[in-house]
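Engineer:
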Amino acid sequence: MKDAPVDSVAADHGAPAVWSVNNGASLPSAVSLTTQDHRRPEWIELLSRERQFAWRIVIVYQVVLLGLVAIFSTIHWLRRLRRHLSKRFRISRKLSKSRSHSHNIIKSSDELFVKANSVSSSEGSLVDGKSYAPGSDEGSPLLPAVKQHAVDSHTRRRWNKSIRSFLMYQPRPIGFVNKTLPGNATTLFILCLFLLNAFVACYRVQFRMPYVFLFSDRSGLLFVGNLPWLYILAAKNQPLQFLTGHSYEGLNIFHRRLGEWLCLLALAHAATELAAWYYFLLPLGVSLVKYLTFGIILLGSGAFFSYELLYVTSLASFRQRWYELFLGSHVVLQLAALVMVYLHHHRTRTYVGTALAIFLIDRIVFRLLVKLRTVQAELAVLEDGQTMMLSADWAIAQPSLLSLRRDVSRGWQPMAHVFIAVPALGRSHRFQSHPFTIASAAPHKGSHHAWLSLIIRAHRGFTGDLLDLACNQQSVPVRFDGPYGSVHALEMLQDSDTAIVVAGGSGIAVAYPLLWALLHGDNSEDHDMFPTRVQQVHLIWIVQEASHLEWIGRERLAELQQMGLKLVLPSPTKTSGRPDVRSLLRICMGMGTQSPKDDRSIGVIVSGPDGLNRTVRNVCAEHVREGHDIDIAVEKFGW
Numbered sequence: 001m002k003d004a005p006v007d008s009v010a011a012d013h014g015a016p017a018v019w020s021v022n023n024g025a026s027l028p029s030a031v032s033l034t035t036q037d038h039r040r041p042e043w044i045e046l047l048s049r050e051r052q053f054a055w056r057i058v059i060v061y062q063v064v065l066l067g068l069v070a071i072f073s074t075i076h077w078l079r080r081l082r083r084h085l086s087k088r089f090r091i092s093r094k095l096s097k098s099r100s101h102s103h104n105i106i107k108s109s110d111e112l113f114v115k116a117n118s119v120s121s122s123e124g125s126l127v128d129g130k131s132y133a134p135g136s137d138e139g140s141p142l143l144p145a146v147k148q149h150a151v152d153s154h155t156r157r158r159w160n161k162s163i164r165s166f167l168m169y170q171p172r173p174i175g176f177v178n179k180t181l182p183g184n185a186t187t188l189f190i191l192c193l194f195l196l197n198a199f200v201a202c203y204r205v206q207f208r209m210p211y212v213f214l215f216s217d218r219s220g221l222l223f224v225g226n227l228p229w230l231y232i233l234a235a236k237n238q239p240l241q242f243l244t245g246h247s248y249e250g251l252n253i254f255h256r257r258l259g260e261w262l263c264l265l266a267l268a269h270a271a272t273e274l275a276a277w278y279y280f281l282l283p284l285g286v287s288l289v290k291y292l293t294f295g296i297i298l299l300g301s302g303a304f305f306s307y308e309l310l311y312v313t314s315l316a317s318f319r320q321r322w323y324e325l326f327l328g329s330h331v332v333l334q335l336a337a338l339v340m341v342y343l344h345h346h347r348t349r350t351y352v353g354t355a356l357a358i359f360l361i362d363r364i365v366f367r368l369l370v371k372l373r374t375v376q377a378e379l380a381v382l383e384d385g386q387t388m389m390l391s392a393d394w395a396i397a398q399p400s401l402l403s404l405r406r407d408v409s410r411g412w413q414p415m416a417h418v419f420i421a422v423p424a425l426g427r428s429h430r431f432q433s434h435p436f437t438i439a440s441a442a443p444h445k446g447s448h449h450a451w452l453s454l455i456i457r458a459h460r461g462f463t464g465d466l467l468d469l470a471c472n473q474q475s476v477p478v479r480f481d482g483p484y485g486s487v488h489a490l491e492m493l494q495d496s497d498t499a500i501v502v503a504g505g506s507g508i509a510v511a512y513p514l515l516w517a518l519l520h521g522d523n524s525e526d527h528d529m530f531p532t533r534v535q536q537v538h539l540i541w542i543v544q545e546a547s548h549l550e551w552i553g554r555e556r557l558a559e560l561q562q563m564g565l566k567l568v569l570p571s572p573t574k575t576s577g578r579p580d581v582r583s584l585l586r587i588c589m590g591m592g593t594q595s596p597k598d599d600r601s602i603g604v605i606v607s608g609p610d611g612l613n614r615t616v617r618n619v620c621a622e623h624v625r626e627g628h629d630i631d632i633a634v635e636k637f638g639w
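Using full-length UniProt numbering, read the sequence shown as starting at 1 and increasing by one per residue.
(1) Quick check on the burial criterion: 16 or more other C-beta atoms within 10 angstroms. Buried or exposed for residue 236?
(2) If you reduce the DSSP assignment to three classes, tell me which class residue 432 lands in.
(3) What residue range is occupied by the uninterrupted beta strand (DSSP E) comprising residue 536?
(4) Distance check for residue 607 and residue 613, CA to CA, integer angstroms please.
(5) Where residue 363 and residue 338 are concerned, what is the direct C-alpha to C-alpha distance, given to the nearest angstrom?
(6) Taking just the CA atoms, how far does residue 181 sit from residue 636?
(7) For the pair the region 618–636 and the region 481–496, tell me if three or more CB-CB distances fall below 8 Å.
(8) By how many angstroms is the C-alpha of residue 459 removed from the C-alpha of residue 319?
(9) Residue 333 by DSSP, collapsed to three states: which one?
(10) At which residues does the beta strand (DSSP E) containing residue 376 begin and terminate?
(11) For the pair the region 440–450 and the region 423–431, tell me if three or more CB-CB distances fall below 8 Å.
(12) Could you work out which residue in 220, 396 and 457 is closest to residue 352 when comparing CA atoms only?
(13) Looking at the structure shown, is residue 368 part of a helix, part of a strand, or coil, going by DSSP?
(14) Taking residue 614 as part of the beta strand (DSSP E), name the residues at either end of that continuous run.
(15) Going by beta carbon distance, what residues of the same chain come within less than 8 Å of residue 240, once the five residues before and after it are set aside?
(16) Can you give me the Cβ contacts of residue 225 inside the same chain, cut-off strictly under 7 Å, excluding the 5 residues immediately before and after it?
(17) Assuming residue 542 contacts residue 573 (C-beta within less than 8 Å), just tell me the rounded distance between them.
(18) With contact counted as at least three CB pairs below 8 Å, one residue from each stretch, are the region 155–163 and the region 621–628 in contact?
(19) Determine the extent of the alpha helix (DSSP H) in which residue 607 is found, giving its start and end residues.
(20) Do three or more CB pairs link the region 366–374 to the region 459–471 at distances below 8 Å?
(21) Rounded to whole angstroms, what is the Cα-Cα separation between residue 259 and residue 461?
(22) For the beta strand (DSSP E) containing residue 484, name the first residue and the last one.
(23) Identify whether residue 181 lies in helix, strand or coil by the three-state DSSP scheme.
(24) Between the C-alpha atoms of residue 273 and residue 302, what's the straight-line distance to the nearest angstrom?
(25) Taking the alpha-carbon of residue 374 as reference, which of 480, 347 and 329 has the nearest alpha-carbon?
(26) Tell whether a beta-carbon distance below 8 Å holds between residue 485 and residue 413.
(27) Using the three-state DSSP reduction, which class does residue 304 fall into: helix, strand or coil?
(28) Skipping 5 residues on each side, what residues in its chain have a beta carbon closer than 6 Å to that of residue 725?
(29) Enumerate in chain order the residues of its own chain whose CB-to-CB distance from residue 263 is below 7 Å, with the five nearest sequence positions on each side excluded.
(30) Around the C-beta of residue 395, are 16 or more other C-beta atoms found within 10 angstroms, so that it is buried, or is it exposed?
(31) In its own chain, which residues sit with a C-beta less than 8 Å from the C-beta of residue 169, not counting the 5 before and 5 after it?
(32) For the beta strand (DSSP E) that contains residue 644, what are its first and last residues?
(33) For residue 66, count the other beta carbons within 10 Å of its own beta carbon; 16 or more makes it buried, fewer makes it exposed. Which is it?
(34) Taking the CB atoms as reference points, tell me whether residue 392 and residue 377 lie closer together than 8 Å.
(35) Give the straight-line distance between the Cα atoms of residue 129 and residue 154, rounded to the nearest whole angstrom.
(36) Could you check the C-alpha separation between residue 174 and residue 509 for me, to the nearest Å?
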C-alpha cells in the first residue's frame, strides 16, 4: 500500500482512512492520506478539479468587475455628454429667441407636433395603413397610435422620475450604532457587490465534512482576488476617479465596505481551516499549538490578525479619537499583511503582487516623487480663536514635458484637497499628513502666481498642536502632498441653468472655489455663445457664529455678489437655531413660480454635516419625483 499526498484535504468521511503527519513539515505537504478505499483516486481528482474551478471562478469575478467599471464609466461619460449638449441646445434656443425678428419660427417640439398634424389633405390621409376620407369617422380618436405612444412615453417618464428619486434618496441614520447610511444608489450597488461575492464564495460548495475545506480555499482565493480592488479604491492616484466621475471620498466608501467584507472572508477562511484541523489532524494527535506553528499557518495567522486589526483601527470612533494612530497603523499593518499573504501561498502572488504594486506606486512614486512640495506658509488665528488660516503664495512653475512633478506649485482645480505635514510640530508629527480642502480660488489658466489658503478648525491632536504653534509662530515650512480631487461637481454645475451650492460651516472651503470658477467665466465657450449671463448661481451658507464669515472675508463675498451671486445667509445657528433648509432650497430653485414641465436643469452641491447633506439630498429627490431635472453631488470628507 502506497501513500499518496493530498493538498490539505481528506477523503470521503465515510471511507476508512489513515492519516500520517510528517513532523517539522509545513502544510499542505505535511499531510498524506493512506486508505484502502478503491475510490480514493476519484476523490483526489474531485478535490483537484474543484480547486481548479475555484481559480477559474475568481478570474471570472475579475472580468465581471472590470465590466462593471466599463459600464459605469460609459454611463458617466454619456450623462456628461448629454448635459453638455442639452445646455448647448438651450443656450442656442435662447439666442434664437433674443435675435429672432420673424414670427414664424417654431419654438418647441410641441409646436412642431401641432403644426405637422394640422396639415389636411383633400385626398384623405393614411393612418395605421388605412385610408380615410375627409369628414369620415369624425367620432373616432385622432391618431390613436400617436396617442398611445404618448401614454407609453408618459408612463416611462414617470417610472424614470420615480427610480431617479429613489436612488437619490438617503435614509435616516441607524441610531443604535451611530451609522450614517449613504444614498440608496450607493447602498444598492454595495449590496449587489456583496451578493456577487457571496455567490462566488458559495457556488458549488458543499458545507459538510470533508468538503468544508473547499470553502476554505474559495474564501481565501476570493480574499486575495479582492485585494487589488481594495488598494486601488484607497489610492489617491488612480484611474477610477477619471473614468467614473466619483471623487476620492465617493470611492472611499466602497473601499471601506470592501475592507469589511474581506475581514469576513478572512474570518471564514481561518474558521474553516481550524475545522479542517479538528476533523483531520486532531485525531492523529496534532495539537492546536503544533498546528499553529506550521510555517504556512503562522504566516496566514499573522496576515489574518493584521487585517482584523486594520478593521478595528479604521472604525469611525477610533479614527476620531486617535487619528494619528490610525494613520500610522494603516501603513505599517498593510505592508506587513501583504508580505505575509504573499508568502502564505505561492498561487496567490499575482493578486498580492498587484495590490502591493498599487500601494507602492501610489505612496512612493506619486505621493513622494510627483506630488510632494515644501513651501513656507503663514499661520493666522482667526477671530473665534479656534480656527486658523494657513496661507502661502508662490510663482507657478511652468509645465515641462521633461518634468514628472505635478505638485501644488503648478496649480490646482476647484475643490482640490492636499495633505499637509508640519515638521515644526516635532517628531511625533514629522511623518504625519492630514487632509484639508483648498479654500482659495484655483489659479486661472495662464496665471503666473498662486495664492493658497486652508481653513483649519482646531480639535485635538494635530490641529490642536497646530493652533498652539500658530499662537507663537506665524511662519513655518509646510510639506504639501497634492493636489487631489475630481472636477465632476464643477462640470455638473457648469452644465446647469441654475447652480446652487449649500455650505455648512467649513464647507465653504468647498463652495468658494466652485463659485469663483463659475462666476469668473471659466466656461469660456458659454461666454462666447451668450455673453450675458444666463445661469443663476446661488449660495446658501449656514454658520454657527457671525465671526465665521471671516473665514472667507466679507469683501470676497461682496465681490462674488457683484458678479451675480445670489447669497443666502441665514442667521447664525447659535442664536437662531437651525434654518429651514427645505424652504431656502425651494426659493433658490424657483419652485414657487416654475412648473415641473420647465426644462431648466438644476445642479446642487452640498458640503457640510451629515444632517445637512441628507436634508439637501432628500429635498432634491422629492423634486426629481415631481419631474424637475436636478443633479446633486455631496462633498463630504471623512478621513
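Heads up, the beta-carbon is just placed ideally off N, CA and C, and yes, glycines get one too. None of the values given here were measured: they were computed from a predicted structure.
Structural biologist: Straight from the coordinates:
(1) Residue 236 is buried by the Cβ-count criterion.
(2) Residue 432 falls in the coil class under three-state DSSP.
(3) Counting along the chain, residue 536 sits inside the beta strand (DSSP E) bounded by residues 536–542.
(4) For residue 613 and residue 607, the distance between alpha carbons rounds to 7 Å.
(5) Rounded to whole angstroms, residue 363 to residue 338 spans 15 Å at the Cα level.
(6) In this model, residue 636 and residue 181 are separated by some 13 Å (Cα to Cα).
(7) Yes: at least three Cβ pairs fall under 8 Å.
(8) Approximately 13 Å, taken between the alpha carbons.
(9) Helix at residue 333.
(10) 372–381 is the span of the beta strand (DSSP E), which, as asked, contains residue 376.
(11) In short, these stretches do not touch, since the Cβ pair count stays below three.
(12) The option with the nearest alpha carbon to residue 352 is 220.
(13) Assigned with DSSP and collapsed to three states, residue 368 falls in coil, not helix or strand.
(14) Boundaries around residue 614 are those of the alpha helix (DSSP H), 610–625, since no beta strand (DSSP E) includes it.
(15) Taken in chain order, the residues that qualify are 69, 232, 233, 246 and 251.
(16) Excluding residues within five positions, the ones whose Cβ falls inside 7 Å are 58, 61, 62 and 351.
(17) In this structure residue 542 touches residue 573 by the C-beta definition: roughly 7 Å separates them, less than 8 Å.
(18) Yes, the region 155–163 is in contact with the region 621–628.
(19) Annotation: residue 607 is outside any alpha helix (DSSP H); the continuous beta strand (DSSP E) that includes it extends over 601–607.
(20) The region 366–374 vs the region 459–471: no contact.
(21) Looking at the two C-alpha atoms, the distance is approximately 26 Å.
(22) Note, residue 484: beta strand (DSSP E), 475–484.
(23) In this structure, residue 181 counts as coil in the three-state DSSP scheme.
(24) About 14 Å.
(25) For the options 480, 347 and 329, the alpha carbon positioned closest to that of residue 374 is the one of 480.
(26) With respect to residue 413, residue 485 sits close: the two C-beta atoms are nearer than 8 Å.
(27) In the structure shown, residue 304 falls within a helical segment according to DSSP collapsed to helix, strand and coil.
(28) There is simply no residue 725 to check, as the chain begins at 1 and stops at 639 in what is shown.
(29) These residues qualify, in order along the chain: 307, 308 and 311.
(30) That one is exposed.
(31) Excluding residues within five positions, the ones whose Cβ falls inside 8 Å are 183, 184, 617, 618 and 621.
(32) What is shown of the chain runs 1 to 639, which leaves residue 644 out entirely.
(33) It is exposed - the Cβ of residue 66 has fewer than 16 other Cβ atoms within 10 Å.
(34) With contacts defined as CB atoms closer than 8 Å, residue 392 and residue 377 qualify as a contacting pair.
(35) Confidence at residue 129 is low in this model, with a pLDDT of 39, below 50, so the placement of that residue should be treated as unreliable; the coordinate-derived value is given next. Each residue's alpha carbon lies about 25 Å from the other.
(36) Rounded to whole angstroms, the gap between the alpha carbons of residue 174 and residue 509 is 29 Å.
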